[in-house]
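Working notes, beginning with the structure itself.
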Amino acid sequence: MANETKFSTKLGVIAATVGSAVGLGNIWRFPYEAGMHGGGAFLLVYVLFVLLIGVPVVAGEFVIGRYTGSNVVGAFKKLKAAPFWHSVAYIGLLSSLLILGFYSVVAGWTVEYIYQAVTGFGGATSEEALHSQFDSFTTSGGRQIFWTLLFLAINFLVISRGVRKGIEKVSNVLMPMLFAILFVFCVNALFLPGAAEGLSFLFHPDFSKIDLPTVLNAMGQAFFSLSVGMGVLMTYASYFSSSTRLVNTSVTTALLDTLVAVMAGIIIFPAVFSFGATPAAGPRLVFEVLPSIFTTLPGGSLWAALFFVLLFVAALTSTISLSEVVIAWFIGEWKISRVKATVIYGIATGLLSSLCALSFGPLAGAKVFGMTFFDLFDFASSNILLPLGGMLIAVYTGWMLPRRILRAQLSAPGRDPGAPTPAGVRLVIFSLRFICPLAILAIFVWGLL
Ligand code: TRP
């Protein structure tokens, strides 16, 4: 992201942050997490986390990013923060590495499924056939490695050639298309025989399901889906102009991001109950269930192919944001060229993602803390590192940053400094100081008990 000019339009700001936020997290991860952790109960807790913690921490990252005009590496240096606070940057590096490790495997699946869609899913239409097809695909070490590394190669090629801007232009057209196609699928879902059961699963909270795993995973999903807690948004905010309204932008991003996740849920769960799948199927859920929906639509494989192409692009804009934080760091701190940085980070993520790619087949038995590499990387980054990073960002902005700066950054540009602080800004500050740190800490302590 180095040496580029500021976003020129309001739409550019929203498109970039939403482009990073909307990805596999909304369409693949949200439905499977909700499916595993109580449906409506999960959605309820998730929305609370997005509003009470997600939005304020997003705003907090924006404040640091725009105020310092710097990415996560330089930001805390510029602020002359004590060395302890630099840990936010290291947590960010580690998160990026782990997330790219498992994310690129799933992004690889989207590429395989473009191919499968074009070839009509090998004629498979029943739930059983699609289930076993997914099994034979994910247990095959060779195919997993191939698609994972191919996806990473595309990602790093885009980054090394500096054509990121081009991709973002393309995605500004394709993301609204993704939104439109999701809308069509939502309407279709309402006519499936399992619609009532599916919607009740997603929207009717069963409060007895609110336990530690539900709360911890809902918190992790909120951070993951908003791309918050590791400095991606800080970097983006360093390109915001002084007229960008930070609180409004956080709220808009969170609303759009949550809308896409809920739409994915509205599409998936009716189909789950129509086609006899189980909501708690885990990471395979979407890949097993979506193809059966396509068979109900006229011109099914065309819809399927288009959908997976759009999902692939959504994944790519997210991995670009994830990679860029680390690449910018290498270039800035290690003073190496962009190409060298790309090669080094490409090799590192390639190695880690290979472990994840083999987690469903040859390495299925290799477990750390009872989890495969794929599950471990996912759990450690979403449920631990991002909330930890978010907690530090909240404490820093809420308690360490001079209040005058925090208030000025959060308030609308050109506001009379003597005027009373708007309620929205006061809420964000209150959450950064009290709700975020205490809630995240409480959940961590609960997990350790
Ligand atoms: N939010 C993206 C998604 O939902 C993934 C992502 C991109 C991300 N950048 C991130 C997650 C930074 C955490 C941190 O697919």
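For the sequence shown, numbering that gives the first Met the number 0 gives the first residue as 0, with consecutive numbering after it.
We treat Cβ as the ideally placed atom computed from N, Cα and C, and that holds for glycine.
Proximal residues to M44 (C-beta, below 7 Å), its chain only, five neighbours per side dropped:
Locating residue 44 in the sequence shown gives position 45, counting from the first residue. The sequence shown places Val at residue 44, not Met. Cβ within range, chain order: I209, T213, V214 and A217.
May I ask you to verify whether the segment 184 to 198 touches the segment 260 to 270, counting CB pairs closer than 8 Å and requiring at least 3?
yes
For F373, collect the residues of the same chain with a Cβ closer than 6 Å to its Cβ; drop the 5 residues on either side in sequence, then sort them by chain order.
Position 374 of the sequence shown, counting from 1, holds the residue named residue 373. Closer than 6 Å at the Cβ level, and outside the excluded window around F373, lie F101, C355 and S358.
Which whole-angstrom value describes the C-beta separation of V71 and G230, a residue pair presumed to lie in contact below a C-beta threshold of 8 Å?
As a position in the sequence shown, residue 71 is number 72, starting the count at 1. As a position in the sequence shown, residue 230 is number 231, starting the count at 1. Indeed they touch by this definition, with Cβ atoms about 3 Å apart.
Let me know the secondary structure DSSP gives V444 once reduced to three states.
If you number the sequence shown from 1, residue 444 lands on position 445. If DSSP states are grouped into helix, strand and coil, V444 belongs with the helices.
Reduced DSSP secondary structure (H/G/I, E/B, other) of S21
What you label residue 21 is simply residue 22 of the sequence shown in a count that begins at 1. This sequence places Val at residue 21; Ser is not what is there. Here V21 sits in coil by DSSP.
Ignoring anything shorter than 4 residues or poking outside the segment 353 to 430, list the alpha helix (DSSP H) runs there in chain order.
372 to 377, 385 to 394, 402 to 409 and 422 to 429
Apply the 10 Å Cβ neighbour rule to E332 and answer buried if 16 or more other Cβ atoms are within range, or exposed otherwise.
The residue given as residue 332 occupies position 333 in the sequence shown. It is exposed - the Cβ of E332 has fewer than 16 other Cβ atoms within 10 Å.
Would you call the segment 233 to 249 and the segment 55 to 69 in contact, with 3 or more CB pairs under 8 Å?
yes
Give me the Cα-Cα distance between K164 and I330, rounded to the nearest whole angstrom.
For the purposes of this step, residue 164 is taken as the residue at position 165 of the sequence shown. For the purposes of this step, residue 330 is taken as the residue at position 331 of the sequence shown. Approximately 18 Å, taken between the alpha carbons.
Going by other Cβ atoms of all chains shown within 10 Å of its Cβ, with 16 needed for buried, is W27 buried or exposed?
As a working note, residue 27 is residue 28 in the sequence shown. Buried: at least 16 other Cβ atoms inside 10 Å.
Is it true that the CB of A276 sits closer than 8 Å to the CB of V49?
For this step, residue 49 is matched to residue 50 along the sequence shown. For this step, residue 276 is matched to residue 277 along the sequence shown. No, the Cβ-Cβ distance between V49 and A276 is not below 8 Å.
For Y344, three-class secondary structure by DSSP
By one-based count along the sequence shown, residue 344 stands at place 345. DSSP places Y344 in helix when its eight states are reduced to three.
Are the segment 78 to 91 and the segment 116 to 132 touching, with three or more C-beta to C-beta distances below 8 Å?
no
Is it true that the CB of L309 sits closer than 8 Å to the CB of L177?
Reading the sequence shown from its first residue, position 178 is the one you call residue 177. Reading the sequence shown from its first residue, position 310 is the one you call residue 309. Closer than 8 Å, so yes.
Segment limits, alpha helix (DSSP H) that includes N216:
As a working note, residue 216 is residue 217 in the sequence shown. Run containing N216: L211 to L225, per the alpha helix (DSSP H) assignment.
Taking 8 Å as the cut-off, decide whether the C-beta atoms of G264 and P30 are in contact.
As a first step, residue 264 is located in the sequence shown; it is residue number 265 there, counting from the start. As a first step, residue 30 is located in the sequence shown; it is residue number 31 there, counting from the start. Going by C-beta atoms, G264 is nearer than 8 Å to P30.
What's the call for M399, buried or exposed, on a 16-neighbour Cβ count within 10 Å?
Here the question's residue 399 lines up with position 400 in the sequence shown. Answer is exposed; the Cβ neighbour count stays below 16.
What is the DSSP secondary structure of A1, reduced to helix, strand or coil?
Position 2 of the sequence shown holds residue 1. Confidence in A1 is poor, its pLDDT being 41 and thus under 50, which makes the residue's placement unreliable; the coordinate value appears in the next sentence. Three-state DSSP puts A1 in coil, outside helix and strand.
heavy atom of ligand 1 below 7 Å from M174 C-beta
Here residue 174 refers to the residue found at position 175 when the sequence shown is read from its first residue. For ligand 1, not one heavy atom lies less than 7 Å from the Cβ of M174.
Just checking M35 against ligand 1 - is the residue's beta carbon closer than 7 Å to any of the ligand's heavy atoms?
Against the sequence shown, residue 35 aligns to sequence position 36. No.
Would you mind working out which of V17, F6 and L198 sits nearest T251, comparing C-alpha positions?
Walking along the sequence shown from the start, residue 251 turns up at place 252. Nearest of V17, F6 and L198 to T251, Cα basis: V17.
Out of L350, G417 and T248, which has the shortest C-alpha to C-alpha gap to L96?
Locating residue 96 in the sequence shown gives position 97, where the first residue counts as 1. Ranking the options by Cα distance to L96, first place goes to L350.
Proximity test, A20 beta-carbon vs ligand 1 heavy atom, cut-off 7 Å:
Counting from one through the sequence shown, the residue named residue 20 turns up at place 21. For ligand 1, at least one heavy atom lies less than 7 Å from the Cβ of A20.
If you run the structure through DSSP and keep just helix, strand and coil, what is G193?
Residue numbering aside, residue 193 sits at position 194 when the sequence shown is read from its first letter. Looking at G193 - three-state DSSP - the assignment turns out to be coil, as it is neither helix nor strand.
Going by the beta-carbon positions, is the gap between E32 and F133 smaller than 8 Å?
In the sequence shown, counting from the first residue as 1, residue 32 sits at position 33. In the sequence shown, counting from the first residue as 1, residue 133 sits at position 134. No, the Cβ-Cβ distance between E32 and F133 is not below 8 Å.
Let's test the definition: count the other Cβ atoms within 10 Å of the Cβ of T147 and tell me whether it reaches 16, buried, or not, exposed.
Counting from 1 along the sequence shown, the entry for residue 147 is found at position 148. Buried.
N-terminal and C-terminal residue of the alpha helix (DSSP H) that N247 is part of
Start at 1 with the first residue of the sequence shown, and residue 247 comes out as number 248. First-last of the alpha helix (DSSP H) with N247: L245 to S273.
Tell me whether D205 sits in a helix, a strand or coil according to DSSP, three-state version.
The sequence position of residue 205 within the sequence shown is 206, counting from 1. The answer is coil: DSSP assigns D205 none of H, G, I, E or B.
Identify which residue in G53, M35 and F75 has its Cα closest to the Cα of N430.
Counting from 1 along the sequence shown, the entry for residue 430 is found at position 431. According to the sequence as given, residue 430 is Ser; it is not Asn. Checked all of G53, M35 and F75; the closest Cα to S430 is G53.
Take L384 and list the residues in its own chain whose beta-carbon comes closer than 8 Å to its own, dropping the five residues that flank it on each side.
For the purposes of this step, residue 384 is taken as the residue at position 385 of the sequence shown. Closer than 8 Å at the Cβ level, and outside the excluded window around L384, lie I90, L93, S94, L97, G228 and M229.
Nonlocal neighbours in the same chain, by C-beta distance under 8 Å from R142, ignoring five residues either side:
Along the sequence shown, read from residue 1 onward, the residue named residue 142 stands at position 143. Around R142: E111 and F136.
Stretch-stretch touch, CB-based, cutoff 8 Å, three pairs: the segment 428 to 447 with the segment 254 to 261
no
Could you round the C-beta distance between N154 and T371 to whole angstroms and report it? I think they count as a contact, below 8 Å.
As a first step, residue 154 is located in the sequence shown; it is residue number 155 there, counting from the start. As a first step, residue 371 is located in the sequence shown; it is residue number 372 there, counting from the start. Not quite, the Cβ-Cβ distance comes to about 23 Å (not below 8 Å), so this is no contact.
So what does DSSP say about Y238, is it helix, strand or coil?
As a first step, residue 238 is located in the sequence shown; it is residue number 239 there, counting from the start. Y238 falls in the coil class under three-state DSSP.
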